[in-house]
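Let me begin by presenting the structure, written as structure tokens, before commenting on it.
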Amino acid sequence: ELDDGLDEAFSRLAESRTNP
Amino acid sequence: GGVGPMSGSYAAPKSVWMPAMKAKGLEISGTFARRMGTVYMDLLLTNKALQVMSDFAIQFNRNSFGLAPAAPLQIHAPLAPNQTVDVSLPLSTVGSVMKMDPLNNLQVAVKNNIDVFYFSTLYPLHILFVEDGKMDRQMFLATWKDIPNENEAQFHIKDCPLNSDVSTNKLQSSNIFTIAKRNVEGQDMLYQSLKLTNGIWVLAELRIQPSNPSYTLSLKCRAPEVSQHVYQAYETILKN
Numbered sequence: 000e001l002d003d004g005l006d007e008a009f010s011r012l013a014e015s016r017t018n019p
Numbered sequence: 084g085g086v087g088p089m090s091g092s093y094a095a096p097k098s099v100w101m102p103a104m105k106a107k108g109l110e111i112s113g114t115f116a117r118r119m120g121t122v123y124m125d126l127l128l129t130n131k132a133l134q135v136m137s138d139f140a141i142q143f144n145r146n147s148f149g150l151a152p153a154a155p156l157q158i159h160a161p162l163a164p165n166q167t168v169d170v171s172l173p174l175s176t177v178g179s180v181m182k183m184d185p186l187n188n189l190q191v192a193v194k195n196n197i198d199v200f201y202f203s204t205l206y207p208l209h210i211l212f213v214e215d216g217k218m219d220r221q222m223f224l225a226t227w228k229d230i231p232n233e234n235e236a237q238f239h240i241k242d243c244p245l246n247s248d249v250s251t252n253k254l255q256s257s258n259i260f261t262i263a264k265r266n267v268e269g270q271d272m273l274y275q276s277l278k279l280t281n282g283i284w285v286l287a288e289l290r291i292q293p294s295n296p297s298y299t300l301s302l303k304c305r306a307p308e309v310s311q312h313v314y315q316a317y318e319t320i321l322k323n
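These protein sequence lines map, in sequence, to chains A and B. Numbered per my numbering, the first sequence spans residues 0 to 19. Numbered per my numbering, the second sequence spans residues 84 to 323.
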């Protein structure tokens, strides 16, 4: 599967929204 | 109205928009729907007068999203006293635009052989959510970052006992698309997008906690005045 870095970026976004 | 995932976006039952006593016996009930990419005003006309009604026509005042009849009101035969007719009026979204207060207010004029009558009604914003409203993931992340925090609005959707998969499907059948889903500390975070007929994008984060029937909806949009109406659309879709 092509890793375009976006999966990781969404994880970081969700993480930052939960623990700002 | 279509409610299930395969039957298109949610349509409320018809309600009375113009009572007969205010229109010399013409009663109009209606609702709005989106079917196969077209917005419709579904109407029920009842003749509660003692004379036959004919020569019907309809016109809209300018409105926030340029809604306008895409065809004449097709009532093929005169309406006898106590008779009712169902009409589905296709609408276009390229009419003249004027910002209304509230934003989703629509002023309508209906004429028949007796007189011209006026009423106004509110349309649910989800009839304007287009089928190609799924934003590219990279674009979503960039846009989310780019829209300032002042443009973020947060709402609570109370008493919504659905899980995130059921919610995702319900929202998708009304053209609210889930782009990514993450689970952080036991709560589901859904990242979603929708696009209005006038090209305005709305980005959403929907938080669902397994033990909490109240969802948290955060909306980011460059035109933040639509957020309140988008929230109401979420409420309507998720609870019907």
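Yeah, the Cβ is synthetic: ideal placement off N, Cα and C, and Gly gets one too.
Judged by DSSP secondary structure, Leu150/B falls outside any beta strand (DSSP E); it is assigned neither H nor E. Scanning the stretch 245-290 of chain B for uninterrupted alpha helix (DSSP H) segments of 4 residues or longer gives 247-255, listed from N- to C-terminal end. Any Cβ of chain B closer than 7 Å to the Cβ of Glu7/A would place that residue at the interface, and such an atom is absent. Burial check for Asn323/B: the Cβ neighbour count within 10 Å stays below 16, so the residue is exposed. Contact check for Lys131/B against Glu110/B passes: the beta carbons are separated by less than 7 Å. Residue environment for His159/B: exposed (fewer than 16 other C-beta atoms within 10 angstroms of its C-beta). As computed with DSSP, Ile320/B is found in no beta bridge at all. For Asn295/B, the closest C-alpha among the options Leu172/B, Phe115/B, Ser250/B, Lys241/B is that of Lys241/B. Three or more Cβ pairs drawn from the stretch 275-291 of chain B and the stretch 220-234 of chain B lie within less than 8 Å of each other, which places the two stretches in contact. At least one C-beta of chain B is nearer than 7 Å to the C-beta of Ser10/A. With contact defined as three or more Cβ pairs closer than 8 Å, the stretch 172-190 of chain B and the stretch 202-220 of chain B are in contact.
In the structure shown, His159/B falls within a coil segment according to DSSP collapsed to helix, strand and coil.
For Met272/B, the closest Cβ of chain A is nearer than 7 Å. Inter-residue distance for Tyr274/B and Gln315/B is about 18 Å (C-alpha atoms, whole angstroms). Against chain A, the beta carbon of Glu268/B has neighbours under 7 Å at Thr17, listed in chain order. Given a length threshold of 4 residues, each whole run of the alpha helix (DSSP H) inside the stretch 162-245 of chain B is given here in chain order: 220-229.
Contact check for Leu126/B against Leu211/B fails: the beta carbons are separated by 7 Å or more. The C-beta of Leu224/B comes closer than 7 Å to at least one C-beta of chain A. A contact between stretches requires three or more CB pairs, one per stretch, nearer than 8 Å, and the stretch 171-184 of chain B meets this requirement with the stretch 142-149 of chain B. The Cβ neighbour count for Leu133/B, taken over all protein chains shown within 10 Å, is under 16; the residue is labelled exposed. Across the structure, Gln142/B and Pro152/B are spaced so that their CA atoms are roughly 7 Å apart. The Cβ neighbour count for His239/B, taken over all protein chains shown within 10 Å, is under 16; the residue is labelled exposed. DSSP places Leu5/A in the uninterrupted alpha helix (DSSP H) bounded by 5-17. The Cβ atoms of Leu224/B and Ala13/A do not sit closer than 7 Å to each other. The contact set of Glu288/B on chain A, defined by CB atoms closer than 8 Å, consists of Arg16 in chain order.
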